[in-house]
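Chemist: Got a structure for you, questions after.
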Amino acid sequence: MRKELIGVMIWLGLLAGCNAEPTYSGVSFIAYNYTPWNLEPVELSDASGNVASSSTLIAGGGAGSVSCCYKFSGTDFTVNWSGGDPDVIRKHLFDGKYEEAIFKKETSVHFPATEVPSGDGMLVLELHIYPDEHMELALTRQLVGKERIPLTDTIRWLYEKHRDELVGYEHIDQLGDDLSKVTQQVWLKYRIEDAGDMRGYMYLYFLVASDFENDAEISALLKDKNRKPGDFGRAVAALSKERIEQMKASGAPPGMRADKSTSNNHPPRTDDVNVDQAGAEGA
Numbered sequence: 001m002r003k004e005l006i007g008v009m010i011w012l013g014l015l016a017g018c019n020a021e022p023t024y025s026g027v028s029f030i031a032y033n034y035t036p037w038n039l040e041p042v043e044l045s046d047a048s049g050n051v052a053s054s055s056t057l058i059a060g061g062g063a064g065s066v067s068c069c070y071k072f073s074g075t076d077f078t079v080n081w082s083g084g085d086p087d088v089i090r091k092h093l094f095d096g097k098y099e100e101a102i103f104k105k106e107t108s109v110h111f112p113a114t115e116v117p118s119g120d121g122m123l124v125l126e127l128h129i130y131p132d133e134h135m136e137l138a139l140t141r142q143l144v145g146k147e148r149i150p151l152t153d154t155i156r157w158l159y160e161k162h163r164d165e166l167v168g169y170e171h172i173d174q175l176g177d178d179l180s181k182v183t184q185q186v187w188l189k190y191r192i193e194d195a196g197d198m199r200g201y202m203y204l205y206f207l208v209a210s211d212f213e214n215d216a217e218i219s220a221l222l223k224d225k226n227r228k229p230g231d232f233g234r235a236v237a238a239l240s241k242e243r244i245e246q247m248k249a250s251g252a253p254p255g256m257r258a259d260k261s262t263s264n265n266h267p268p269r270t271d272d273v274n275v276d277q278a279g280a281e282g283a
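Note that the sequence shown covers residues 1 to 283 in the UniProt record's numbering.
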């Protein structure tokens with residue numbers, strides 16, 4: 001009770017004064033990468049010039065490591081970040097064209113004054129980089145289960161459970177590179193974030209047919225505006241073996257490596273992104 005009261009008093013102190021801006025002291029920093037790009041260390045800075053830096057963030061790798069300790073103030077932040085398509089980066093590691101494969105961007109993020117979570121755990125400022133490249137900040141004392149789009153969970157599940165069925169994937173990193181690219185399209189089109197739905201989609205894409213969305217029944221379910229989280233995953237799990245074999249026989253080769261004509265997506269060269277974050281936890 002006393003700890004909660006102290007937390008409230010600190011929070012009230014942050015907001016004291018008509019023009020006072022929030023200040024977060026002694027916070028650690030972690031970034032989550034939901035894009036298909038390998039990212040170099042991401043820098044987060046506030047209007048006062050305070051700066052935090054993340055670790056390198058690989059495509060499909062989810063969260064980086066936690067860095068400590070920082071002080072931030074205000075509600076307006078700037079993210080300087082750079083990276084590129086992992087396949088393209090590897091291709092140009094030693095030919096003098098590496099820098100040409102790297103994009104550099106600056107993104108503004110608005111983070112409304114946020115109450116510091118109560119408790120004794122480490123206070124962490126999270127940066128979530130979404131597939132459409134908008135970004136959101138959040139404060140937490142719990143690091144477990146904070147990945148908002150289950151990329152790493154899906155990659156591990158698919159590789160560990162279905163490794164022998166995957167075509168063209170010699171190691172998990174290859175699968176991670178491609179699955180993160182597919183995730184970008186899935187999130188942009190359907191906003192899939194439920195773990196079961198993500199597993200169902202990637203199962204069909206990487207093990208059955210990469211054009212499985214041409215199936216009228218599957219397509220209708222994905223586009224259903226009344227679809228709830230988990231509905232798609234349960235529908236895929238309920239498909240009979242005969243139905244799966246039918247889709248596989250009539251569809252395009254599964255995955256991205258079996259069909260070499262499949263083109264890779266490249267980092268969009270867009271203008272700087274300005275984000276007005278309505279809340280710390282919204283997706």
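Cβ atoms here follow ideal geometry from the backbone N, Cα and C, with glycine treated the same way.
(1) State buried or exposed for Ser261, treating a residue as buried only when at least 16 other CB atoms are found within 10 Å of its CB.
(2) Below 8 Å on the Cβ atoms is my guess for Leu139 versus Thr114; work out the distance and round it to an integer in Å.
(3) Would Tyr34 pass as a contact of Trp187 if the rule is Cβ separation under 9 Å?
(4) Could you pull the start and end residues of the alpha helix (DSSP H) that Ile172 belongs to?
(5) Quick one: which unbroken beta strand (DSSP E) runs of 3-plus residues sit fully inside the region 30-71? Chain order, please.
(6) Residues in its own chain within less than 7 Å of Glu40 by CB, not counting five upstream and five downstream?
(7) Out of curiosity, what's the CA-to-CA distance linking Ile89 and Gly119?
(8) For my contact list, Met247 and Asp197 are in at a C-beta cut-off of 8 Å; report their separation, rounded to the angstrom.
(9) With distances taken from CA atoms, which of Val42, Gly26, Glu21 and Asp85 is nearest Gly176?
(10) Skipping 5 residues on each side, what residues in its chain have a beta carbon closer than 7 Å to that of Ser219?
(11) Going by alpha carbons, who is nearest to Ala238 out of Leu204, Asn226, Gly255 and Pro253?
(12) Determine the direct distance from the alpha carbon of Ser73 to that of Ser48, and round the result to whole angstroms.
(13) Does DSSP classify Lys260 as helix, strand or coil?
(14) Can you tell me whether Pro229 is buried or exposed? The criterion is at least 16 other CB atoms within 10 Å of its CB, across all chains shown.
(15) If we count the other Cβ atoms within 10 Å of its Cβ and call it buried at 16 or more, is Ser54 buried or exposed?
(16) With H, G and I counted as helix, E and B as strand and the rest as coil, what does DSSP make of Gly121?
(17) Give every residue of the same chain whose Cβ lies closer than 8 Å to the Cβ of Tyr98, excluding the five residues on either side of it in the sequence, and list them in chain order.
Modeler: To lay it out plainly:
(1) As a first step, residue 261 is located in the sequence shown; it is residue number 261 there, counting from the start. At Ser261 the pLDDT is 39, less than 50, meaning the model places this residue with poor confidence and gives no usable figure here.
(2) Taking the sequence shown and counting its residues from 1, the one referred to as residue 139 is at position 139. Taking the sequence shown and counting its residues from 1, the one referred to as residue 114 is at position 114. So it is a contact: roughly 5 Å between Cβ atoms.
(3) Along the sequence shown, read from residue 1 onward, the residue named residue 34 stands at position 34. Along the sequence shown, read from residue 1 onward, the residue named residue 187 stands at position 187. Yes. Within cutoff.
(4) Here residue 172 corresponds to residue number 172 of the sequence shown, with the count starting at 1. If you look at Ile172, you'll find it in the alpha helix (DSSP H) that goes Ile172 to Tyr190.
(5) 43-46 and 51-53, all fully within the region 30-71.
(6) Position 40 of the sequence shown, counting from 1, holds the residue named residue 40. Once the five neighbours on either side are set aside, the close Cβ partners of Glu40 are Thr56, Ser82 and Gly83.
(7) As a working mapping, residue 89 is identified with position 89 in the sequence shown. As a working mapping, residue 119 is identified with position 119 in the sequence shown. If I take the Cα positions, the gap works out to 42 Å.
(8) In the sequence shown, counting from the first residue as 1, residue 247 sits at position 247. In the sequence shown, counting from the first residue as 1, residue 197 sits at position 197. Contact doesn't hold; Cβ gap of about 18 Å is too wide.
(9) Your numbering for residue 176 matches position 176 in the sequence shown. Comparing alpha carbon positions, the residue from Val42, Gly26, Glu21 and Asp85 closest to Gly176 is Asp85.
(10) For the purposes of this step, residue 219 is taken as the residue at position 219 of the sequence shown. Closer than 7 Å at Cβ, skipping near neighbours: Glu213.
(11) Reading the sequence shown from its first residue, position 238 is the one you call residue 238. Among Leu204, Asn226, Gly255 and Pro253, the Cα nearest to that of Ala238 belongs to Leu204.
(12) Within the sequence shown, numbered from 1, the residue matching residue 48 stands at position 48. Within the sequence shown, numbered from 1, the residue matching residue 73 stands at position 73. For the pair Ser48 and Ser73, the Cα-to-Cα distance works out to about 7 Å.
(13) As a working note, residue 260 is residue 260 in the sequence shown. Its pLDDT being 43, under 50, Lys260 is placed unreliably in this model, and the value from its coordinates should be taken loosely. Lys260 falls in the coil class under three-state DSSP.
(14) Within the sequence shown, residue 229 is the residue found at index 229, counting from 1. It counts as exposed.
(15) Counting from 1 along the sequence shown, the entry for residue 54 is found at position 54. Answer is buried; the Cβ neighbour count reaches 16.
(16) Numbered from its first residue, the sequence shown carries residue 121 at position 121. Correct three-state label for Gly121: coil.
(17) Working through the sequence shown from its first residue, we reach residue 98 at position 98. Excluding residues within five positions, the ones whose Cβ falls inside 8 Å are Ile89 and His92.
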